[in-house]
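In this text, residue positions in the sequence shown follow full-length UniProt numbering: the first is 1, and each later residue adds one. What follows is a set of notes on a single structure, which appears directly below.
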Amino acid sequence: MNTEFIHELESAANILMAPPNVVTNEQRHAAETIIINFRKSKSPYVVCREILENSQVQYIMFEAAELLKSALIREWSFLQESDIISLRQYLMHYVMNRTPSAFVQERLLQVIAIMIKRGSVEDLGQERANILSEVENLIIGADPAKQVLGCKVILNLMQEYSITVKTTDVGLPWEVHYKAKRQFEATDLKRIFQFCVQVLSEIIKSDAFSSPNILNLIKYLLTITENVLTWGYISHILPKRIIGVYESVYEADQAPPLRLATSWKDIMLAPQLLPLMFQVYWKVRDNDELAHHAMTCLVQLASLNGSVVSNEDVKMQYLTAYMENFLKLITSVNIKNKESLGISNIVRKLELFFSSDLTKLPQNLQESYLDDITRLTCTFAEGASLEEAEGSDNKYYMESFDNMLEAWTTILKDFKDSANEYLSLASMRVFNTYLQCHLAPPDGTRSHNDDQVEEIEDNEDNDRIKFRDQLQTIGMFGRVILDHSLPVLYKLLEERIEKLRAHFQAMQTQAMTIAESTNLDNLFEDVHWIILIAGHVLCMDSEGETPVIPSEVIRYCVQQCTNSVCTLDATLKVMASVQQFTNDLDCVDQCDHVIRIFCDVLKLCFVETSAAEIKLGHFTSPEVGCTMMWFLNRWCLSYLMPIESFYDEIPQTFKGGLVKDTEGAIFLFNVVLQKIRANICHFNSEPILLQDTLNLFCDICSVRHKSIFLCRSEGIWNLINLHGKLEAGVLPSVIRRGLCRGFVMAGATIAYQEEIDNYYGAVLKPLQQRFKNLLCQENFNKIYQEERVKNEVIDIVEGFIGIAKGTQMTTVHLLFDFLAPMLAELPKFMKIYNNYQVIVQLILELFGQCAKCMLCYLSQLDSKRLYESTLATIQTYTKCNENRFTTEALSEESSFQDLTLTLDLLTYILSKDCLDLSPANPNEEVTITAADISLFGLNFIMPLMTTDLLKYPSLCAQYYRLIVLINDIFPEKVCNLPEELLTKVLISVEYGLTQFGSDIVQASLDFLQGMATYTYKNGMQNSNIHQKLLPFLKLLLDLTLSHQINSDIICTASCCIYALICCYSEQYNIFVQNLIQSQSDPLTAERLTAAFNQLMNNVPFDGDRFHKMKFRDNFDKFISNVHGFLLIK
1 MNTEFIHELE SAANILMAPP NVVTNEQRHA AETIIINFRK SKSPYVVCRE
51 ILENSQVQYI MFEAAELLKS ALIREWSFLQ ESDIISLRQY LMHYVMNRTP
101 SAFVQERLLQ VIAIMIKRGS VEDLGQERAN ILSEVENLII GADPAKQVLG
151 CKVILNLMQE YSITVKTTDV GLPWEVHYKA KRQFEATDLK RIFQFCVQVL
201 SEIIKSDAFS SPNILNLIKY LLTITENVLT WGYISHILPK RIIGVYESVY
251 EADQAPPLRL ATSWKDIMLA PQLLPLMFQV YWKVRDNDEL AHHAMTCLVQ
301 LASLNGSVVS NEDVKMQYLT AYMENFLKLI TSVNIKNKES LGISNIVRKL
351 ELFFSSDLTK LPQNLQESYL DDITRLTCTF AEGASLEEAE GSDNKYYMES
401 FDNMLEAWTT ILKDFKDSAN EYLSLASMRV FNTYLQCHLA PPDGTRSHND
451 DQVEEIEDNE DNDRIKFRDQ LQTIGMFGRV ILDHSLPVLY KLLEERIEKL
501 RAHFQAMQTQ AMTIAESTNL DNLFEDVHWI ILIAGHVLCM DSEGETPVIP
551 SEVIRYCVQQ CTNSVCTLDA TLKVMASVQQ FTNDLDCVDQ CDHVIRIFCD
601 VLKLCFVETS AAEIKLGHFT SPEVGCTMMW FLNRWCLSYL MPIESFYDEI
651 PQTFKGGLVK DTEGAIFLFN VVLQKIRANI CHFNSEPILL QDTLNLFCDI
701 CSVRHKSIFL CRSEGIWNLI NLHGKLEAGV LPSVIRRGLC RGFVMAGATI
751 AYQEEIDNYY GAVLKPLQQR FKNLLCQENF NKIYQEERVK NEVIDIVEGF
801 IGIAKGTQMT TVHLLFDFLA PMLAELPKFM KIYNNYQVIV QLILELFGQC
851 AKCMLCYLSQ LDSKRLYEST LATIQTYTKC NENRFTTEAL SEESSFQDLT
901 LTLDLLTYIL SKDCLDLSPA NPNEEVTITA ADISLFGLNF IMPLMTTDLL
951 KYPSLCAQYY RLIVLINDIF PEKVCNLPEE LLTKVLISVE YGLTQFGSDI
1001 VQASLDFLQG MATYTYKNGM QNSNIHQKLL PFLKLLLDLT LSHQINSDII
1051 CTASCCIYAL ICCYSEQYNI FVQNLIQSQS DPLTAERLTA AFNQLMNNVP
1101 FDGDRFHKMK FRDNFDKFIS NVHGFLLIK
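Right under this line is the structure:
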């Protein structure tokens, strides 16, 4: 009978693997049915053995192996121990003596590993130890093929034990998996490592590396060793979810550090281990495949930590031995590009896990270490520069250089006291090399790429972002040697500024040659990198913090002033000359070095502006312009008008020229503002340059103690006047927005009412007048489609958005009183321009920014005014877009950006009920809440929210975020929604459970759990919402039982199911009985009954949090149990 059945399976397999033109659809469908039915076979052990023995069709052999795996998981608890042992022995004998295809062999080895793991749960690993002994004997004494097979057995066994949360063997709860993993770690993992080290040692002694069989064996031994050293040891106190995250991170990223217990001391601290591992690498380094595994082992050994090296003397002994072998390696070979990655990772790991111990090494070892890693860092920097110039896809040296710089951040901190001279020399070498790699000859070594075209792309990171981490570390090197780095930087910069000035002067009278054009490009690239490096030497990144002057710079400048190297008088004269072409001041060498570099950049700004004024602006470099704006931004935030109380001592040059109330500071502010104005006037076709210019302006305006002086400066009034005169469309629209935001923020510091009126009148009235002019045009309905009119509308609304975004608590009432009348008029514009998406989106964004930045400060009366305008706008938007969202219209994601903005708007409005900072007024009656507005708005837009729209990730995420937030804050309002709206919301929740990824499923579960909990606790058994939630109980149970809920969110699903069972305990019991009765197999029905009884054990359904947690834990075990034997489709 089995022979005929096997022939039938083979025929089905041949049909499935045949070309489509050879078989009919009916034949293929019949063959698929045969294979599917075979996969459902119960107790298939005999037939599977016959297939393995007699069939030659590899596909059927693989299906037999797969069926053995699933059947063992499903039926393990019903199998006799003798049958299990017999099957395992048969499979071991089969893979040892037969030669099936690789994929069949691997699946059979996995089945063996699963059986060994399942058996170890009962016998605590006794049989596993016996099998390992057999495998070890096999590897030592058998022929090459069996040696490799023995290694594969060990690898499969390790794979089964290595992961706990997402393990292959689904027949056990994760707690049991974890317990088995811990037991394997405690007994056999060390044994496997010792065995591999022993065999590798014997191979090294025999010097038989030329044999292909030996090389193949070494590959597997190194792979096993690597797996041991990269093993994920996880604390037993961590919950399952955290362990899952931990395993996912290290699965996708790099290996975890080698954290070992004391029991490993005898092998890890054995004096022969490290020399052996380095010797193995020496032997295989020319074989890329083997070298990778050997290098990974060395990297992991550099991260040894934990109780195995808790003793300081032991730790130093290990570190000394490692360093001696490592330094011997890197001084004896020319490091290859792929090899550089591993070497740099070793240095990074050593600094990460032994940073404080490295300073305790013998002096000669410390000096050798610093010297060698300095040499390597410079070598990798040069290699990285070459890779970048050649556009290489494999950035080995670049990544290696990044690793070395990461290590240097620790070295610069740890060695600054113990090895000051060596550290300075090392810093100088690295700093000079990096600078030279980014300068053109003769000062540098930068390679020229003829295909390289200087153009700033919106979708590409610029150099200051792309190389941000590198530049930060190079800045640290520069601050170690300020007496070297600053003079080098300002001399290089001044030379190139003079060459640029000469270039532009010559271009007034004659055209450029090709050689001159190339020289100009090189000059711009040099200037760009010099300013980037200078900006990172002088300033530290301060994102989210108050920018301060680095302490090294303060000390250096104080010392320069004390030694009379720099004087205040000379510094002020240099500052005064920044808008002159002259560069022959006698006192320039006595100028403060920090201020001198800043003045050089200002002088370069003057050269750029002068070129633009004589119609040569198109020859300037937008990239250099952006870099100058970035530098001015960093420098002004840190140095210009610093907060004196932050520093113990301030240099005299800073006190006399940079602190508040000094003429020098006001002068420099005005120069910077003049440059901002010049960029707006001359470079309005360069959006990225304008954005950096705007960032400079807004960042200065946002600093309160700076903006106080800013508002009184001549420069800002010139900007305000220019802003009022600029016609619509002259600037990119977002620039108008940014300017208005900056003006509004700067004005927040004005103290006197008269000054406030004058300042804000100058900023706001031009926009207000332009808006009124639009409204009052009698023929507006005829001319609204003209391009100039649309540009005017866009420009005005962009200005309003900037005003809203610049709002602060002190200015919110003034600005809202200004905006409110115009917000009330915008629904008319929404209707008129309903087919012009740019204006529609801007109007929605304006309301969103008003809700986001203003609403939390507004009184109830003002809030109501905003609510009314918002609802009117959304209602108009909905009416105008009822039939717009067709399948064709959704071909571009931008076509529904307005809907996303609407959802954002409703979310921002809802936040008023979470954060209300408005002054309390007992006379104001709250007649409408933010939640009411959000639900009214949701009612308007729900007809637009089709299932097709929800397939777009950004819109989908925003929608579910909104309904969950409303439900969390005001569940009672959701329960009382109109019938039609409530039905649509619940349909979308059901859709979220079945059609999307984990994030949306999580949000849908959160919504249901909140809703079910609220209805249960408030006794709403007879309500509409109670009836509508009932179908979700069966849906969720079906989804979880049929593997359609991701394991990462099973905990959330179980809590949601618990809340639903609290509401519908009778219906739950009916569901359980129906499911049990539907099982055709009595044994399955019996196991299912026992599983449900265990699930409900000691768990009252009363909504109590403790009982919910108990149910969650039971449910996790329940799912692991029933997934092993229950099949639901």
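Backbone N, C-alpha and C define an ideal beta-carbon position, used for all residues, glycine too. Remember, it's a predicted structure, so these values are computed and weren't measured experimentally.
Is residue i a contact residue of the ligand HEM, with contact defined as CB to any heavy atom under 7 Å?
{"i": "V734", "result": "Among the components modelled here there is no ligand, and therefore nothing to report on the ligand HEM."}
Please say whether residue j and residue i have beta carbons closer to each other than 8 Å?
{"i": "V1072", "j": "F1007", "result": "no"}
{"i": "T627", "j": "R464", "result": "yes"}
{"i": "L155", "j": "T99", "result": "no"}
{"i": "V797", "j": "L774", "result": "no"}
{"i": "M277", "j": "L298", "result": "yes"}
{"i": "L520", "j": "H503", "result": "yes"}
{"i": "V57", "j": "A102", "result": "no"}
{"i": "D469", "j": "D402", "result": "yes"}
{"i": "W76", "j": "R118", "result": "yes"}
{"i": "A65", "j": "R107", "result": "yes"}
{"i": "T946", "j": "Q1002", "result": "no"}
{"i": "V111", "j": "F62", "result": "no"}
{"i": "D371", "j": "L319", "result": "no"}
{"i": "V148", "j": "Y94", "result": "no"}
{"i": "V838", "j": "M830", "result": "no"}
{"i": "L739", "j": "R677", "result": "no"}
Could you pull the DSSP bridge partners for residue i from this structure?
{"i": "N305", "result": "R259"}
Rounded to a whole number of angstroms, what is the C-alpha to C-alpha distance between residue i and residue j?
{"i": "S863", "j": "Q875", "result": "18 Å"}
{"i": "C914", "j": "P651", "result": "48 Å"}
{"i": "L710", "j": "V659", "result": "14 Å"}
{"i": "L903", "j": "M641", "result": "42 Å"}
{"i": "I941", "j": "V763", "result": "36 Å"}
{"i": "E367", "j": "L425", "result": "11 Å"}
{"i": "F1111", "j": "I803", "result": "52 Å"}
{"i": "C437", "j": "N633", "result": "26 Å"}
{"i": "residue 1143", "j": "H1123", "result": "As shown, the chain starts at 1 and ends at 1129. That puts residue 1143 outside it, with no answer to give."}
{"i": "E454", "j": "L917", "result": "For E454, the predicted model reports a pLDDT of 45, less than 50, meaning its position is unreliable; a value from the coordinates is still stated below. Using only the alpha carbons, I get a separation of about 49 Å."}
{"i": "F431", "j": "L616", "result": "35 Å"}
{"i": "S323", "j": "Q183", "result": "Note on identity: in this sequence residue 323 is Met, with Ser being the wrong assignment. Roughly 34 Å separates the two Cα atoms."}
{"i": "S1004", "j": "I1050", "result": "13 Å"}
{"i": "L312", "j": "V574", "result": "According to the sequence as given, residue 312 is Glu; it is not Leu. So the alpha carbons of these two residues sit roughly 56 Å apart."}
{"i": "F936", "j": "L861", "result": "19 Å"}
{"i": "P766", "j": "F654", "result": "39 Å"}
{"i": "L482", "j": "L532", "result": "16 Å"}
Answer with buried or exposed for residue i, where buried requires no fewer than 16 other C-beta atoms within 10 angstroms of its C-beta.
{"i": "E388", "result": "buried"}
{"i": "E185", "result": "buried"}
{"i": "F467", "result": "buried"}
{"i": "S1065", "result": "exposed"}
{"i": "S43", "result": "exposed"}
{"i": "Q1009", "result": "buried"}
{"i": "Q897", "result": "buried"}
{"i": "A18", "result": "exposed"}
{"i": "M809", "result": "exposed"}
{"i": "L993", "result": "buried"}
Determine whether the Cβ of residue i lies closer than 8 Å to any Cβ atom of chain B.
{"i": "E686", "result": "Annotation note: the requested chain B is absent from the structure, which comprises a single protein chain."}
Extract the residue ranges of the alpha helix (DSSP H) inside the region 649-691, only unbroken runs of 4 or more that lie entirely within it. Taking only runs of at least 4 residues, the alpha helix (DSSP H) segments lying wholly in the region 649-691 are 652-657 and 663-682.
Let me know the alpha helix (DSSP H) ranges lying completely inside the region 587-660, each 4 residues or longer, listed in chain order. If you keep only unbroken alpha helix (DSSP H) runs of at least 4 residues inside the region 587-660, you get 593-613, 622-639 and 652-657.
What runs of the alpha helix (DSSP H), each 4 residues or longer, lie entirely inside the region 1060-1100? Annotation: the region 1060-1100 contains the following complete segments of the alpha helix (DSSP H) (minimum length 4 residues), in chain order: 1065-1077 and 1082-1095.
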